[in-house]
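> Take 1 as the starting number for the sequence shown in the UniProt record's numbering and just add one per residue.
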Amino acid sequence: MNLVNYNEDDLPIKDLETIGLAAGGQLLLNVDDLKALLSGRRTGLLELHDLEAENIRIKSINAKISLKPNEAGKMDLLIHPIYRKALTPDFLDDNEAQQLQKGEVATLLKTTLDNHGNKKEMLIEYDAETKEYIVSDTEKILAPDMVNNEFLTPAQKEAYRKGKEVEIADGTRFSYSGVDHHGIRSNKIALVASILIDGGLSYMVYKGLNALFNKKQDPKTAEKLSPGYYNALKDIENQRSFVPNQENRSYTRSGGSR
Numbered sequence: 001m002n003l004v005n006y007n008e009d010d011l012p013i014k015d016l017e018t019i020g021l022a023a024g025g026q027l028l029l030n031v032d033d034l035k036a037l038l039s040g041r042r043t044g045l046l047e048l049h050d051l052e053a054e055n056i057r058i059k060s061i062n063a064k065i066s067l068k069p070n071e072a073g074k075m076d077l078l079i080h081p082i083y084r085k086a087l088t089p090d091f092l093d094d095n096e097a098q099q100l101q102k103g104e105v106a107t108l109l110k111t112t113l114d115n116h117g118n119k120k121e122m123l124i125e126y127d128a129e130t131k132e133y134i135v136s137d138t139e140k141i142l143a144p145d146m147v148n149n150e151f152l153t154p155a156q157k158e159a160y161r162k163g164k165e166v167e168i169a170d171g172t173r174f175s176y177s178g179v180d181h182h183g184i185r186s187n188k189i190a191l192v193a194s195i196l197i198d199g200g201l202s203y204m205v206y207k208g209l210n211a212l213f214n215k216k217q218d219p220k221t222a223e224k225l226s227p228g229y230y231n232a233l234k235d236i237e238n239q240r241s242f243v244p245n246q247e248n249r250s251y252t253r254s255g256g257s258r
């Protein structure tokens, strides 16, 4: 789960204008890509224009973009192009790398050591669009406390952080994805995820979700959303009079858990 971490005012508009994704101070991004950026994720593939690097000018290129805070507290724009060949992380062997590239597995969990010799559990995925391995620290993956107004158990939250599928009582199945621009995949086209922050619930509405890894969404099942989903939407609607510019943002309800 990725909450909205940044505001539109944080975006490096000039940099976005330089690559053709903004003009006259106005963004030229669709809602899903904007939401991905503001949530700290990568966008989908975009056509970028007039890139310059080391005296090389590229007229047009397809790439994904993301944001990263710099030491000055501003946002740096990161560009993720399509690589000719994937660069395999040192902690993956050839067989593991091929499993990911061939789509035989969605994720692999590996334990590595950080610069201080401490063990870290890493979740590795493969982005077939950019031919790049995506590595996520499982401790930094934010698992929702609730989905469709149903609390997740500690075991379900741990499974989510490890990239495994989680199923709740209403039949909704979902999993974390550092590759997908939504940051989450599901057997349903939509869900509402919530997390407890400072005694209140912060909501994220996900719509147009992609299918779970190597599975197809059955249209009838995917579009049939549970009462819990609609009840969560009602909770969000009750907050609209208090939160400006609510569309596609997180919503916080004070008062703790239900």
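No residue lacks a Cβ here, since even glycine has one placed at the ideal position from N, Cα and C.
(1) Cα separation between lysine 220 and lysine 207?
(2) Just grab the DSSP bridge partners of proline 81 for me.
(3) Is leucine 34 helix, strand or coil by DSSP?
(4) Give every residue of the same chain whose Cβ lies closer than 8 angstroms to the Cβ of glutamine 99, excluding the five residues on either side of it in the sequence, and list them in chain order.
(5) Quick test of your reading: leucine 77 and asparagine 62, contact by CB under 8 angstroms. State the CB separation rounded to the nearest angstrom.
(6) Report the residue from Phe213, Asn118, Gly183, Ile189 whose alpha carbon sits nearest the alpha carbon of aspartate 33.
(7) What number of angstroms, rounded off, separates the C-alpha of threonine 88 from the C-alpha of valine 166?
(8) Return yes when the Cβ of alanine 222 is within less than 8 angstroms of the Cβ of asparagine 187, no when it is not.
(9) CB lysine 64 to CB arginine 42, shorter than 8 angstroms?
(10) Do threonine 138 and lysine 110 come within 8 angstroms of each other at the CB atom, strictly closer than that value?
(11) In whole angstroms, what separates the C-alpha of threonine 112 from that of lysine 234?
(12) Kindly indicate which residue of Leu28, Asp10, His49, Gln26 has the alpha-carbon position closest to the one of leucine 38.
(13) Are glutamate 132 and histidine 80 closer than 8 angstroms when you measure CB to CB?
(14) Assign serine 250 to one of three DSSP states: helix, strand, or coil.
(15) Have a look at phenylalanine 174 and glutamate 150 and give me their C-alpha separation to the nearest angstrom.
Reading off the structure:
(1) Distance from the CA atom of lysine 220 to the CA atom of lysine 207, rounded to whole angstroms, is 16 angstroms.
(2) Under DSSP, proline 81 takes part in a beta bridge, and its partners are Ala63.
(3) For leucine 34, the secondary structure class from DSSP, reduced to helix, strand or coil, is helix.
(4) Excluding five sequence positions before and after glutamine 99, the CB atoms of its chain that fall closer than 8 angstroms to its own CB belong to Val105, Leu108, given in chain order.
(5) Contact between leucine 77 and asparagine 62 fails: their C-beta atoms lie close to 16 angstroms from each other, not under 8 angstroms.
(6) With distances taken between Cα atoms, aspartate 33 lies closest to Gly183.
(7) Answer to the nearest angstrom: the Cα atoms are 28 angstroms apart.
(8) Yes.
(9) Arginine 42 is positioned such that its CB atom lies closer than 8 angstroms to that of lysine 64.
(10) Threonine 138 sits away from lysine 110, with the two beta carbons spaced by 8 angstroms or more.
(11) Approximately 43 angstroms between the Cα atoms of the pair.
(12) Closest option to leucine 38, judged by alpha-carbon separation, among Leu28, Asp10, His49, Gln26: Asp10.
(13) Yes, Cβ-Cβ distance for glutamate 132 and histidine 80 is below 8 angstroms.
(14) Unreliable positioning characterises serine 250 in this predicted model, as indicated by a pLDDT of 43, which lies under 50. The coordinate reading is nonetheless provided below. In this structure, DSSP gives serine 250 a state outside helix and strand, which the three-state scheme calls coil.
(15) Looking at the two C-alpha atoms, the distance is approximately 13 angstroms.
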